[in-house]
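This is the structure we're talking about:
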């Protein structure tokens, strides 16, 4: 089982986490229907380093992990505050 | 014939404690410390098993628990691994795949059918309509062992463990690695599948005490924990390794792993190489050095490496006659091994082993070079043929860990070429064969592993001694025109089967495996994958040099199911008044992980009657239901109202303190995912419920969205910390008023109100609830006071009736309230569910708003409607379809017979054109008949 | 038969507080405030390793307090938080507290928890938010006269499940070391 280093709780087994997928900006409400539909239903699956939402469930703590989806290696994790408005 | 030798220094048995087994009616004598197979061997019992397909007699092959020949039923427990299971005095042992025992297996005639059972026969013959009957016959015939359905459930512990350095394999390299890593300060776990440490270290004829110093240091070392009789069954991400002990599964998390897993000796492939008495050289070494058992009185050794000569010398030293050492190579190691006087031939090609009485080997026929380039057939009488022709790395866990192995032609073996972070290899698995090399490799790996565990970076290259000697023959395969050269003993696969697979087009390793079943038996190809691959590659004109080894999925070795089952934890949440429900005769159901009363049993009443009685009690007087399972969430802070406005489809920032409002939660696609009642308890304080099954996910989502929005509010999940009861029915107010300081009058506490006060002396939050009845109070109290409040409410009037989930479903249906997830599905938007009134599209933002604009533009695809069933003669059920114009036009989502109305009512999701009140729905019942229902206005039941 | 481990339920009063001004409220009441996230301190008085009454800092802005006996600290905090203080919010903590001890207590926990509690950081008074057979718990290891003991807290609706499984496990563990 994978180990994820939670910024709050330290290294813990994957069992204690859930993911909410890639960190993505929500399009503005005045975007086109096509843009909105793409946001809802299209995900990038090309292997790359992605920023992802992860939650340590026993503490209810959400943070960001940068994961290489080709190697499944988590390169770093940090508190969501560090996103600093790059996502809403 | 195998036999017990006089005492050997270092033997694993205690000769002062004799014991006796019964093997299929015959007595077998052994000693404490013997394994089951050792007792049988020492007693001269050669036939241990019958083969899976042809029922050929089989004997000891690897004596390492690596082959399927040593599987027994012991005292009724099937598939025990006799090579390693300790013998218990008085145990009754049977082979697992016979009809009437190993000696007189009535199924041995099957072998005569062999010509009619070519490889792939099953695939070709048993498709189509006959498959089921053939499958049944074959399964009843083939299987290994039988399972007793009466066997008691044994709670087998599973546990987690943690260490800095895990060392797998306790031979010379593993012991050196463990000591070096521990000396460097690492917490070391050293595991070995054998009962004692040492591995194959002593087989080259070293004295019994050669490792005494190391063994003593290991057992005394405060940083080393040793686990014997333990095999590593699988490697998982980040150095998580499954360790299987006889009675326990341990999942160990290491910071670094040293694989000192050694090698698995590979057989020579020649005719009748499966006869009892034909075994690997290392099997003979195990028998000899651990259990003081000679593999025979007169043995032939097929050799292609120095190990074969060392074996010959060891056996000769213990009085065994070595008939000949027959070397497959052009040269031999006779002089180096000090075997003067023993017949040693080179350039030998085995032709066949010849069976004698009891089907065991009595001679070996070979081709030897003769003068002038001619060759000559010679027959050597013998009662054992020992094969020492090559090794395969025990590297499957390395492959699972992500290592790449490459084939070293000089060595004739695959060795690690590239190791992932924190993974190290030492000893024979890494091509290190001589004792000083093995120990040096172990020390290096141990030091590197300890350094990595401390957090130091890992050096990229794998440093191997480059002076390999050849230990494995490149192609020890000798096909015979009459066949029976077994590549895979588990599945009785012969050379011609593999060649046929190639001819059929299954000419890659993965395809050949599936077509021929090579490597799919209990030993998982430990002795057959390398020879099988070798045969395939040769047939295709290729070699190992240009082929990667396949990685097998875990488990590397069969694991008893009880180990995987563990104790069997079944998570169950209980409310504060669980035992009150039990005392009332609750019939339980599991909802969202909670145990909830489905209904309360009444003497001599059916389930339907019990539910109807509960419904009538609520309608006529008052009832009490435990709704502690509802999600209960608090939001505090200046932004709490604004947050809810963004999160939920409704508006809450303008909700007055002391009031509640229904809230519907959408996902970003505008689909209804949850609902609940939001109460405002203070300017900066809201308290709201979610559905039982949605509680965990909804709370988590609130936290996620606020991790993004970063609004000034704080969240508390009070779900398990508060008990909640819905006290509903026309007389609930009168019954509750004496128990509380809250004024319950309609003027003081109107519908949609929320109050805080004391109920039965307990601080409570009370909201007016209309879910099941026009008048009702939902009372939320701290968990510890739940029983106090429940008891007070139950005693508040003589007519109070506890009701369960089923009655609640009927009651809310009568009141026309849909249940999210039952009356909606993953495509239902709030307008379609009739919840459009709870959506405030004029807000600047809420989750799902953007999608709802598209939904609104497109129009409803379906509509939730209430209906009544006029014709009750046909049995209709939830999920029955609504048919219109020959097409599916909807389905029933809820259905119940209303005791209040004395008729059947329900909800259906239907095409919008059918949704008009008064319209007729054609419902196709489960039995295929059609029945008409009428779309009706909701609620079905008015103000009660 | 003396078992290798035992588990019992701890009776005490508990409360939580969270929000940006939670530390200030604790400070005003003279209650301890652990400096680092996910650590605990003695609730008041000398900050001893074997303290019974504790305050634990869960993450940065949430605190969990357990106090036995009169529980004056919990009562004072409860009264204070009833005043609707901006930035310090009450958290109802109806947790069930368990105490697990005995020479093989760590072996019992190793059957239910994938976090290395045997290697728990006692010196730094770490409190762990972890999963135990599917149940979210708070856990800490503490020295006592009888050796290391483990204190576990869970949501009361899971307590019956967790306690009964731990009881089964501790009853089956024979005394003596694991190997």
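Residue numbers (the numbering used here), protein chains in the order written: chain A, 72 to 159; chain B, 73 to 1016; chain C, 2 to 180.
Glycine is no exception: its CB is placed at the ideal position from the N, C-alpha and C atoms.
No experiment lies behind these values; they were computed from the predicted model shown.
Kindly identify the DSSP beta-bridge partner or partners of residue i.
i	result
residue 840 of chain B	B/849
residue 145 of chain C	C/148
residue 127 of chain A	A/88, A/132
residue 640 of chain B	None, per the DSSP bridge assignment.
residue 92 of chain B	B/101
Hey, could you find the ends of the beta strand (DSSP E) residue i is sitting in?
i	result
residue 90 of chain A	88-93
residue 794 of chain B	794-800
residue 288 of chain B	No beta strand (DSSP E) holds residue 288 of chain B; the alpha helix (DSSP H) holding it covers 284-292.
residue 752 of chain B	744-754
residue 102 of chain C	97-102
residue 554 of chain B	Neither: residue 554 of chain B is in no beta strand (DSSP E) and is coded neither H nor E.
residue 508 of chain B	It is not in any beta strand (DSSP E) - residue 508 of chain B instead sits in the alpha helix (DSSP H) that spans 507-525.
Give me the Cα-Cα distance between residue i and residue j, rounded to the nearest whole angstrom.
i	j	result
residue 775 of chain B	residue 599 of chain B	54 Å
residue 190 of chain B	residue 183 of chain B	12 Å
residue 476 of chain B	residue 616 of chain B	14 Å
residue 942 of chain B	residue 157 of chain C	48 Å
residue 789 of chain B	residue 135 of chain B	58 Å
residue 50 of chain B	residue 634 of chain B	There is no way to answer for residue 50 of chain B, as the model of chain B reaches only from 73 to 1016.
residue 74 of chain A	residue 253 of chain B	23 Å
residue 162 of chain C	residue 169 of chain C	11 Å
residue 388 of chain B	residue 557 of chain B	29 Å
residue 625 of chain B	residue 582 of chain B	13 Å
residue 77 of chain A	residue 149 of chain A	8 Å
residue 944 of chain B	residue 709 of chain B	54 Å
residue 87 of chain B	residue 94 of chain B	19 Å
residue 93 of chain A	residue 125 of chain A	9 Å
residue 864 of chain B	residue 694 of chain B	14 Å
residue 177 of chain B	residue 170 of chain B	5 Å
residue 52 of chain C	residue 67 of chain C	11 Å
residue 140 of chain A	residue 562 of chain B	39 Å
residue 380 of chain B	residue 78 of chain B	23 Å
residue 158 of chain A	residue 661 of chain B	Because the pLDDT of residue 158 of chain A is 48, which lies under 50, any placement of that residue in the model is unreliable, and the question is left without a value.
residue 123 of chain B	residue 140 of chain B	9 Å
residue 996 of chain B	residue 579 of chain B	53 Å
residue 882 of chain B	residue 979 of chain B	11 Å
Please list the terminal residues of the continuous alpha helix (DSSP H) segment that includes residue i.
i	result
residue 757 of chain B	Careful: residue 757 of chain B lies outside any alpha helix (DSSP H), inside the beta strand (DSSP E) at 757-762.
residue 595 of chain B	Premise fails: residue 595 of chain B is in no alpha helix (DSSP H) and is neither H nor E.
residue 34 of chain C	Careful: residue 34 of chain C lies outside any alpha helix (DSSP H) and carries neither H nor E.
residue 924 of chain B	921-930
What in chain C is Cβ-close to residue i, meaning under 8 Å?
i	result
residue 263 of chain B	Under the 8 Å cutoff, chain C gives no residues; its nearest Cβ is about 12 Å from residue 263 of chain B.
residue 146 of chain A	By Cβ distance, chain C contributes nothing, its closest Cβ being about 23 Å from residue 146 of chain A, past 8 Å.
Which chain B residues sit within Cβ distance under 9 Å of residue i?
i	result
residue 131 of chain A	771, 772, 775, 787, 789
residue 124 of chain A	776, 779, 780
Can you pull the chain C neighbours of residue i, defined as C-beta to C-beta under 7 Å?
i	result
residue 83 of chain A	116
Quick one: which chain A residues come within Cβ less than 8 Å of residue i?
i	result
residue 138 of chain C	129
Report the neighbours of residue i on chain A: residues whose CB is nearer than 7 Å to its CB, in chain order.
i	result
residue 922 of chain B	100, 107
residue 60 of chain C	79, 130, 132
Using a cut-off of 8 Å between C-beta atoms, extract the partners of residue i located in chain B.
i	result
residue 111 of chain A	740, 741, 923
So which residues on chain B does residue i lean against when the C-beta distance must stay under 7 Å?
i	result
residue 136 of chain A	Within 7 Å Cβ-Cβ: nothing; residue 136 of chain A doesn't reach chain B, min ~13 Å.
residue 104 of chain A	926
Determine the chain D residues that contact residue i at a beta-carbon separation under 8 Å, and present them in chain order.
i	result
residue 91 of chain A	Any reference to chain D falls outside this structure, whose protein chains are A, B and C.
Name the residues in the region 226-255 of chain B whose C-beta lies less than 9 Å from a C-beta of chain C; which are they? Flagged, chain order: 227, 229, 230, 231, 232, 233, 234.
Which residues of the region 792-804 of chain B have a Cβ closer than 8 Å to any Cβ of chain C? Give them in chain order. Going along the region 792-804 of chain B in chain order, one finds 792, 793, 794 with a Cβ nearer than 8 Å to chain C.
Could you run through the region 926-939 of chain B and flag, in chain order, every residue whose CB is less than 9 Å away from some CB of chain A? Against chain A - using a Cβ distance shorter than 9 Å - the residues of the region 926-939 of chain B are 926, 929.
Using a Cβ-Cβ cut-off of less than 9 Å, give me the residues of the region 642-656 of chain B that come near chain C, in sequence order. Answer set for the region 642-656 of chain B: 642, 643, 644, 645, 646, 647, 648, 650.
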